[in-house]
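S.K.: Questions regarding the structure given below will be posed in turn.
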């Protein structure tokens with residue numbers, strides 16, 4: 046049998062668990078960031094309301110208190126503009142890209158299934174070749190045909206494995222890059 050067939054279940058299981066963990070963690074991160082943004086928006090709205098109340102109050106007071114309350118109102122409004130910019134940046138840099146992780150995880154899961162299917166096909170072709178060699182050792186045509194089919198199945202396994210490796214490497218690289226961006230918001 047081909048060397049690729051020994052232990053692929055363990056490697057595939059490890060990949061599947063890793064992808065599932067990543068997907069779960071990214072969903073948790075997205076949910077947490079969504080809650081954070083909602084809370085920040087709520088605080089921003091309350092601060093803006095407070096700024097408006099202070100502004101209205103300052104118009105009815107003496108000049109010294111009017112200046113103090115007006116300045117405080119202006120500072121609150123300015124701070125809330127920066128908070129709004131931060132919220133928009135969080136949404137742009139993290140919320141939208143995090144939505145793509147479920148798609149990426151599903152794609153890798155499909156590639157894992159494709160590789161497993163190719164492995165099963167290769168194992169069946171190998172077993173068929175072994176049977177033919179034992180039962181029909183004189184029929185070189187049939188043995189050669191089966192060897193060709195096994196070679197094709199082995200090539201499919203190599204291609205599927207290489208595609209999976211490249212996809213996982215791209216996925217992990219993108220995940221690290223995104224996490225750096227999210228943590229430096």
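Residue numbers (this note's numbering): 46 to 230. C-beta: ideal position from N, C-alpha, C; glycine also.
Out of curiosity, what's the CA-to-CA distance linking residue 26 and residue 126?
M.R.: The structure shown does not extend to residue 26, since the chain is modelled only from 46 through 230, so no value can be given for it.
S.K.: Could you have a look at residue 145 and say whether DSSP puts it in helix, strand or coil?
M.R.: In this structure, residue 145 counts as coil in the three-state DSSP scheme.
S.K.: If you follow the alpha helix (DSSP H) that residue 113 is in, where does it begin and where does it stop?
M.R.: Counting along the chain, the alpha helix (DSSP H) containing residue 113 begins and ends at 108-135.
S.K.: Let me make sure I understand the geometry here. Which of 68, 187, 56 and 60 has the alpha-carbon closest to that of residue 220?
M.R.: Comparing Cα-Cα distances from residue 220 to each of 68, 187, 56 and 60, the minimum goes to 68.
S.K.: How many Å lie between residue 138 and residue 96 at the Cα?
M.R.: Rounded to whole angstroms, residue 138 to residue 96 spans 29 Å at the Cα level.
S.K.: Give the DSSP-derived three-state secondary structure of residue 100 in the structure shown.
M.R.: Of the three classes helix, strand and coil, the one that applies to residue 100 here is helix, per DSSP.
S.K.: At the level of alpha carbons, what is the spacing between residue 121 and residue 128?
M.R.: Those two C-alpha atoms are separated by around 10 Å.
S.K.: Taking CB distances under 8 Å as the criterion, tell me whether residue 182 reaches chain C.
M.R.: The question asks about chain C, but that chain is absent: this structure has only one protein chain.
S.K.: Is it the case that the Cβ atoms of residue 12 and residue 226 are separated by a distance below 8 Å?
M.R.: Shown here, the chain extends from 46 to 230; a query on residue 12 therefore has no answer.
S.K.: Verify whether the separation of the beta carbon atoms of residue 191 and residue 177 is less than 8 Å.
M.R.: Yes. Within cutoff.
S.K.: For residue 187 versus residue 181, is the C-beta spacing smaller than 8 Å?
M.R.: It is a contact, given that the beta carbons lie within the stated cut-off.
S.K.: Rounded to a whole number of angstroms, what is the C-alpha to C-alpha distance between residue 142 and residue 154?
M.R.: If I take the Cα positions, the gap works out to 19 Å.
S.K.: Note down the Cα distance separating residue 156 from residue 202, rounded to an integer number of angstroms.
M.R.: Approximately 11 Å between the Cα atoms of the pair.
S.K.: Could you check the C-alpha separation between residue 166 and residue 64 for me, to the nearest Å?
M.R.: Going from the Cα of residue 166 to the Cα of residue 64 covers about 24 Å.
S.K.: In terms of alpha-carbon separation, which member of 130, 131 and 104 lies closest to residue 118?
M.R.: If we check each option's Cα against that of residue 118, 104 comes out closest.
S.K.: For residue 112 and residue 140, I'd like the C-alpha separation in whole angstroms.
M.R.: In a straight line, the C-alpha of residue 112 is about 41 Å away from that of residue 140.
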